[in-house]
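There are 2 protein chains.
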Amino acid sequence: MSCRSGVRGRFLVLFGDSFNAGRVMRQRYYIGDIGDYDGQEVTLEGWLAGRRSSGKILFLQVRDGTGFIQCVVGRGDVDDEIFEELAALPMESSLRVTGHVAVDARAPGGFEVSLVGAQVVSAATLEYPITRKEHGVPFLMDHRHLWIRSSRQFLQLDTPILTPTACEGTTTLFETNYFEESAYLSQSGQLYNEATAMAFGKVYCLSPAFRAEKSKTRRHLIEFWQIEPEIAFADLDDIMDIQEELVAEMVGTVLSERASELGILERDIEALERVKPPFPRITYSEAVELLNKAGHSFEWGGDFGAEDETVLSRQFDRPAMVTRYPRAVKPFYMENDPDDDRVTLSVDMLAPEGYGEIVGGGQRMMDAAQLEERMREDGVPIGDYQWYLDTRRYGAVPHGGFGLGIERVVTWICGLAHIRETIPFPRMLNRMRP
Amino acid sequence: MSCRSGVRGRFLVLFGDSFNAGRVMRQRYYIGDIGDYDGQEVTLEGWLAGRRSSGKILFLQVRDGTGFIQCVVGRGDVDDEIFEELAALPMESSLRVTGHVAVDARAPGGFEVSLVGAQVVSAATLEYPITRKEHGVPFLMDHRHLWIRSSRQFLQLDTPILTPTACEGTTTLFETNYFEESAYLSQSGQLYNEATAMAFGKVYCLSPAFRAEKSKTRRHLIEFWQIEPEIAFADLDDIMDIQEELVAEMVGTVLSERASELGILERDIEALERVKPPFPRITYSEAVELLNKAGHSFEWGGDFGAEDETVLSRQFDRPAMVTRYPRAVKPFYMENDPDDDRVTLSVDMLAPEGYGEIVGGGQRMMDAAQLEERMREDGVPIGDYQWYLDTRRYGAVPHGGFGLGIERVVTWICGLAHIRETIPFPRMLNRMRP
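Each protein sequence line maps, in turn, to chains A and B. Residue numbers for the first sequence follow numbering that gives the first Met the number 0, so the first one is 0 and each next one is one higher. Residue numbers for the second sequence follow numbering that gives the first Met the number 0, so the first one is 0 and each next one is one higher.
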């Protein structure tokens, strides 16, 4: 799961011309690794955590989740316009800075970056509510989604199960009484992950999720476990790269360390050995065409069901990523595709051999006003989500993530016929015992 | 968490004469390590998984959770009485065997054990319901707590959150509607762990737990995470050894790998450096005496509250283990102390510096009839727990485990004033937001 990578150009050669999507992965720098870049020029992405001014020089404290770094910029080092913007930028705005790394004994972390360029990603739209003054505990707990950005917190990224709101639609919720209020069992930790990603940059949770779906299929559990990474400063391509890396790594590890168990299960090893990047990347529209070409009639606009996914995933010899689903079939938080406003920057990964969806994710909507409008359209109760909108009001950044269903991946890797084999005590429709 | 240990004698020298409990840890052998013992005599503990007979020789397949091994015993190698007992022993009975390990190319695992002695721990009281014949899926899913013992299952030890029954008392349960039936949010994975421990020997779950407690203290979360190990063929002393090892290892790892974070938190490092085995081990009765000597009046028979634990834990400079609580303050599944029927083979670990309980556990009641009687006394609905009683009907073994509260341990290690600091989005009395 490490996003730290050396300089590498990787061209993805995919299946058939129409799926070609050659691209070079960009170099990512993190403050936690700054010692590796002494004397070099780096570009850092993060949030403004502090600022001092000494005449014509600004000292900016920048945080990116892996650490804090002092950035120094003198008037004349950058355009006057950007210098003035930096001098007045509200705390917790998001920004991208480029400069030279140098050892500096006076700097808090032992290194300093002399800026040659800077770009504001999203200026905080309000004064940041948490300041150096003393705040009462109720105030801080109400702003927990922002308070976690302070360095005083211990890094712990569990997301709550009991929540006052729904994440993935309201029809499949388990409800309980939380001291005279209604609470719902979490369907996903994602919304909370978005808040922790703004604090720590790259986060994930590994947690049970609950969906009271009345479907009785080989792929559905009522209670299942998900791993959900969320990454700040990431676009759809980054999300796909990480999905691909994670799934290939999981399969590779099982192949090398659990060969005897795969033998007991009589798993077709060759099918797993093909699970190597690059995975095919196709759009939803291309997938609809593929379905129809395969004689499986499907109309553009609907969501893929288990059968559609089975047909689709049989077209490929390794996991395939389907991108850009229509807005109507994805939740409110998906970012719009700037090239086609009918679709979203979403991506599902389908496991081969007919297994279907194992990962769902995408790029999240970044703009607060647009997100609020989308929520109103979808009938989401805005009042309950003020904390979530705060993640866009204070230093919004392009970000995204995904959820990987543990039991579905195990079903596929083990080549099992039914998901109930993958968890000791499965919870299914009409099955809560033992 | 590995229980594999070389031969080691360890004498515990504790605080003051009354706490002395010198003892030598016994050597444990596991089938998974059998290759290390070629030519040696070993004692294995496990369950009878298969048997063939060839005239005057018995071939026994023994399973202990780490693997399967073939044990060979000829008439005359052991007492006639035990030979006859082995020849007729029902499948899934638990047993202890001693013999010589030797390479044998014909044996399934490449090794074989020639027995010189054997002891039945608990003969299965009924014919084992899962046989070589084909069983229907509903039958197998109803017997999921036994079915997991077959080697075909993938090792996965999550315990369910949604359960039809309560584990730790019914007053603090969250209830929800599970397809027209009542379900409760898990308070502990322990009962399920006991079933998986009979399948895999040593297991643990890491899972959220829920207690609708109306207490508003610095130590209580409504929703918290626990790590819960459960070990087959373990007594109270084994459980304490593992608790001690685990907690010492956790503190040691934080000290060596997170020194800078402890610095940010201004933690007293010396207090943590003292957290080395042996930890003091005192009985509940000794603890009551200590409390009264400290001028904190406490009557024998009650449960320790947060304040009592604070006073107690201040008597020690490292975590202390309090054993043998009265029956009335511990759940129905705790084993009786054979030396004093007023108390149970239970153990809580109290963190020093006033932090109080971080671990609770003990040895579980082994005898099915006694357990059922205890359940009736406590008003536990027997019908819902038939699956749990099955763990005693088919190859009962001495076993035990404990639950370690992640956030409580983090609170203590970080030296925090309140548990709410240790989880990103704490759920407390009157706090479900954000």
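By construction, the Cβ of each residue, glycine as well, lies at the ideal position given by its N, Cα and C atoms. The structure presented is a predicted model; accordingly, all values stated were derived computationally and were not measured.
### Query
Of the residues A:Tyr393, A:Gly404 and A:Val321, which one's Cα is nearest the Cα of A:Ala196?
Of A:Tyr393, A:Gly404 and A:Val321, the residue nearest in Cα terms is A:Tyr393.
### Query
Could you give the uninterrupted runs of the alpha helix (DSSP H) lying entirely in the stretch 82-117 of chain A, keeping only those of 4 residues or more?
Annotation note: the stretch 82-117 of chain A contains no uninterrupted alpha helix (DSSP H) run of length 4 or greater.
### Message
Strictly below 7 Å CB to CB, what residues from chain A border B:Asn429?
### Response
Simply Phe178.
### Query
What does B:His144 reach in chain A if we use C-beta pairs closer than 7 Å?
Going along chain A in sequence order, the residues near B:His144 (Cβ under 7 Å) are Pro433.
### Query
Taking the Cβ atom as the reference point for each residue, do B:Pro276 and A:Pro207 lie within a distance shorter than 8 Å?
For B:Pro276 and A:Pro207, no; Cβs fall outside 8 Å.
### Task
Step through the CB atoms of chain B and report whether any lies within less than 8 Å of the CB of A:Val396.
A:Val396 does not count as touching chain B.
### Query
Nearest chain A C-beta to B:Glu222 closer than 8 Å, yes or no?
Output row for B:Glu222: interface = yes.
### Query
In chain B, which residues lie less than 7 Å from A:Phe173 when you measure between Cβ atoms?
The contacting residues are Thr175.
### Task
Assuming B:Asn429 contacts A:Phe424 (C-beta within less than 8 Å), just tell me the rounded distance between them.
Contact between B:Asn429 and A:Phe424 is absent: CB atoms are separated by about 33 Å, not below the 8 Å threshold.
### A:Ile202 versus A:Glu420, A:His398, A:Met431 and A:Leu415, residue with shortest Cα-Cα distance
Per the sequence shown, residue 202 of chain A should be read as Val rather than Ile. Nearest of A:Glu420, A:His398, A:Met431 and A:Leu415 to A:Val202, Cα basis: A:His398.
### Query
Going straight from the alpha carbon of B:Lys215 to that of A:Met374, what length do you get?
Rounded to the nearest angstrom, the two C-alpha atoms are 35 Å apart.
### Contact belief for A:Val71 with A:Ile56 at Cβ below 8 Å, rounded distance in angstroms
Indeed, because the Cβ distance is near 6 Å, the residues count as touching under 8 Å.
### Straight-line gap, A:Val115 to B:Ile405 (C-alpha atoms, nearest Å)
Roughly 45 Å between the two C-alpha positions.
### Message
Classify B:His417: buried if its beta carbon has 16 or more other beta carbons within 10 angstroms, exposed otherwise.
### Response
B:His417 should be labelled exposed.
### Message
Is the beta carbon of B:Leu349 closer than 8 Å to that of B:Met333?
### Response
By the CB criterion at 8 Å, B:Met333 and B:Leu349 fall outside the cutoff.
#### Entry: C-beta atoms of B:Val61 and B:Leu43 nearer than 8 Å
Yes, Cβ-Cβ distance for B:Val61 and B:Leu43 is below 8 Å.
### Task
Taking only beta-carbon positions, decide if B:Val409 is within less than 8 Å of chain A.
Output row for B:Val409: interface = yes.
### Message
Using only the alpha-carbon positions, how far apart do A:Thr65 and A:Gln362 sit?
### Response
Looking at the two C-alpha atoms, the distance is approximately 21 Å.
### Message
Quick check on B:Glu193: does DSSP put it in helix, strand or coil?
### Response
DSSP places B:Glu193 in helix when its eight states are reduced to three.
### Query
Residues of chain B with CB under 9 Å from A:Leu125, in chain order?
Neighbours of A:Leu125 on chain B: none; closest Cβ ~17 Å, over 9 Å.
### Query
Of all the residues that make up the stretch 42-59 of chain A, which are near chain B by a beta-carbon distance shorter than 8 Å?
Close to chain B, meaning a Cβ-Cβ distance shorter than 8 Å, is no residue of the stretch 42-59 of chain A at all.
### Query
Applying the criterion that 16 or more other CB atoms from any shown protein chain within 10 Å of the CB defines a buried residue, is A:Ala104 buried or exposed?
By the C-beta density criterion, A:Ala104 is exposed, having fewer than 16 other C-beta atoms within 10 angstroms.
### Burial state of A:Ser53 (16 or more Cβ within 10 Å)
By the 10 Å Cβ count, A:Ser53 comes out exposed.
### Message
Between the alpha carbons of A:Pro128 and A:Phe138, how many angstroms are there, rounded?
### Response
Approximately 10 Å between the Cα atoms of the pair.
### Query
Nearest to A:Phe173 by alpha carbon, out of A:Leu156, A:Glu222, A:Ile241 and A:Ala117?
Considering only alpha carbons, the answer is A:Glu222.
#### Entry: For B:Gly363: DSSP bridge partner residues
Residue 363 of chain B is actually Arg in this sequence, not Gly. Its beta-bridge partners are B:Met333.
### Task
Might you give, ordered along the chain, the residues of its own chain that have their beta carbon closer than 6 Å to the beta carbon of B:Arg210, omitting 5 neighbours on each side?
For B:Arg210, where only same-chain residues beyond five positions count, the Cβ hits under 6 Å are Thr171 and Gln186.
#### Entry: CB-CB length for A:Asp336 against A:Arg323, believed under 8 Å
Contact between A:Asp336 and A:Arg323 is confirmed by a C-beta separation of about 6 Å, below the 8 Å threshold.
#### Entry: Length-filtered (3 minimum) beta strand (DSSP E) runs lying within the stretch 226-308 of chain B
Counting only runs of 3 or more, we get 280-282.
### Query
What first and last residue would you give for the beta strand (DSSP E) that runs through B:Thr124?
Looking at the DSSP string, B:Thr124 is not in any beta strand (DSSP E), and its letter there is neither H nor E.
#### Entry: Straight-line Cα distance separating B:Gln118 from B:Asp78
Each residue's alpha carbon lies about 11 Å from the other.
### Task
List the residues that DSSP assigns as beta-bridge partners of B:His417.
Note: B:His417 is not bridge-paired with any residue in the DSSP secondary-structure output.
### Task
Measure from the alpha carbon of A:Ser111 to the alpha carbon of each residue in A:Gly251, A:Val120 and A:His99, then state which is nearest.
Sequence check: residue 111 of chain A is Glu here, not Ser. A:Glu111 has its Cα closest to that of A:His99, out of A:Gly251, A:Val120 and A:His99.
### Query
Is the CB of B:Ala196 under 8 Å away from at least one CB in chain A?
Judged by the 8 Å Cβ criterion, B:Ala196 is not in contact with chain A.
### Task
Using a Cβ cut-off of 8 Å (strictly closer), state whether B:Phe110 contacts chain A.
Residue contact check for B:Phe110 against chain A: no CB pair falls below 8 Å.
### Task
Select from the stretch 290-315 of chain A all residues with a C-beta closer than 7 Å to any C-beta belonging to chain B, and list them in chain order.
Cβ contacts with chain B: none found.
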